[in-house]
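Participant: Take a look at the following structure, please.
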Amino acid sequence: MPEEVGHGPSHLGVIAHTAAFRTGGNWLDALLRGLDHNRTLLGALVDEHLPGVQYRWPQGTYLAWLDCRELGFDDAASDEMTEGLAVVSDLSGPARWFLDHARVALSSGHVFGIGGAGHVRINFATSRAILIEAVSRMSRSLLERR
Numbered sequence: 001m002p003e004e005v006g007h008g009p010s011h012l013g014v015i016a017h018t019a020a021f022r023t024g025g026n027w028l029d030a031l032l033r034g035l036d037h038n039r040t041l042l043g044a045l046v047d048e049h050l051p052g053v054q055y056r057w058p059q060g061t062y063l064a065w066l067d068c069r070e071l072g073f074d075d076a077a078s079d080e081m082t083e084g085l086a087v088v089s090d091l092s093g094p095a096r097w098f099l100d101h102a103r104v105a106l107s108s109g110h111v112f113g114i115g116g117a118g119h120v121r122i123n124f125a126t127s128r129a130i131l132i133e134a135v136s137r138m139s140r141s142l143l144e145r146r
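If you count by full-length UniProt numbering, then the sequence shown holds residues 1 to 146, one letter each, in order.
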């Protein structure tokens, strides 16, 4: 295979990038407005439906942190983080609970560092309906836990 084929953008990739830069402004603006709406919506949903959970307002991303420490989950796997053994697929504490009892997949905070224990990370770059459904399921699972 010639070097120029394996190292660098493909011809179609260059065409796609050119089109995106020339005509993608409106799409990008709409995307950013949608993310801003979902960021605000998630904060309102957490405040209303997830007592004991603190919403950490994200800065410049579509991933938000939820502080679930007040819920009292055992985040035992966070001890592994001090030894560098945790990986993103390791679920513990609130992330394990929400997957098992609400069928909502979140990232365990402990894999992102020691300060992440008791936290979960949620991706809000989705539809409004899915975001509402996810928080509703999480809320119901916490009611069943009491």
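Cβ atoms here follow ideal geometry from the backbone N, Cα and C, with glycine treated the same way.
Assuming the contact rule is C-beta atoms closer than 8 Å, Ile114 and Leu66 should be a hit. Round their C-beta distance to whole Å, please.
Facilitator: Walking along the sequence shown from the start, residue 114 turns up at place 114. Walking along the sequence shown from the start, residue 66 turns up at place 66. Rounded, the Cβ-Cβ distance is 18 Å, inconsistent with contact.
Participant: Give the secondary structure of Trp65 by DSSP, where H, G and I count as helix, E and B as strand, and everything else as coil.
Facilitator: Against the sequence shown, residue 65 aligns to sequence position 65. Three-state result, Trp65: strand.
Participant: If you measure between the beta carbons of Val53 and Leu71, is that distance less than 8 Å?
Facilitator: The count along the sequence shown starts at 1 and reaches residue 53 at position 53. The count along the sequence shown starts at 1 and reaches residue 71 at position 71. Cβ atoms of Val53 and Leu71: closer than 8 Å.
Participant: Where Met81 and His110 are concerned, what is the direct C-alpha to C-alpha distance, given to the nearest angstrom?
Facilitator: Your numbering for residue 81 matches position 81 in the sequence shown. Your numbering for residue 110 matches position 110 in the sequence shown. Bear in mind that the predicted position of Met81 carries a pLDDT of just 48, short of 50, making it unreliable; the figure below should be weighed with that in mind. Whole-angstrom Cα-Cα distance: 7 Å.
Participant: Residues in the same chain with beta-carbon distance under 6 Å from Gly116, minus the five sequence neighbours each way, listed in chain order, please.
Facilitator: Counting from one through the sequence shown, the residue named residue 116 turns up at place 116. Excluding sequence neighbours, Gly116 sits near Gly109, His110.
Participant: Could you compute how far the alpha carbon of Gly8 sits from the alpha carbon of Arg146?
Facilitator: One-based indexing of the sequence shown puts residue 8 at position 8. One-based indexing of the sequence shown puts residue 146 at position 146. Taking the straight line joining both Cα atoms gives about 56 Å.
Participant: In this structure, how does DSSP classify Arg145 when only helix, strand and coil are distinguished?
Facilitator: Walking along the sequence shown from the start, residue 145 turns up at place 145. Here Arg145 sits in helix by DSSP.
Participant: So if DSSP puts Asn123 in a beta bridge, which residue, or which two residues, is it bridged to?
Facilitator: For the purposes of this step, residue 123 is taken as the residue at position 123 of the sequence shown. Answer is Leu63.
Participant: Anyone know if the C-beta pair for Ala95 and Val135 falls short of 8 Å?
Facilitator: In the sequence shown, the residue the question calls residue 95 occupies position 95. In the sequence shown, the residue the question calls residue 135 occupies position 135. No, they are not a contact pair.
Participant: Flag this pair as touching only if the segment 34 to 52 and the segment 98 to 105 have three or more C-beta atom pairs under 8 Å; answer yes or no.
Facilitator: Judged by Cβ distances under 8 Å, the segment 34 to 52 makes no contact with the segment 98 to 105, as fewer than three pairs qualify.
Participant: Compute the beta-carbon to beta-carbon distance between Leu143 and Leu45, rounded to the nearest angstrom, for a pair I have assumed lies under 8 Å.
Facilitator: Numbered from its first residue, the sequence shown carries residue 143 at position 143. Numbered from its first residue, the sequence shown carries residue 45 at position 45. Actually they do not touch by this definition, with Cβ atoms about 15 Å apart.
Participant: Can you list, in chain order, the residues of its chain whose CB lies under 8 Å from that of His17, leaving out five sequence neighbours each side?
Facilitator: As a working mapping, residue 17 is identified with position 17 in the sequence shown. Once the five neighbours on either side are set aside, the close Cβ partners of His17 are Pro9.
Participant: Whole angstroms are fine: how far does the CA of Val14 sit from the CA of Asn26?
Facilitator: Counted from its first residue, the sequence shown places residue 26 at position 26. Counted from its first residue, the sequence shown places residue 14 at position 14. Using only the alpha carbons, I get a separation of about 20 Å.
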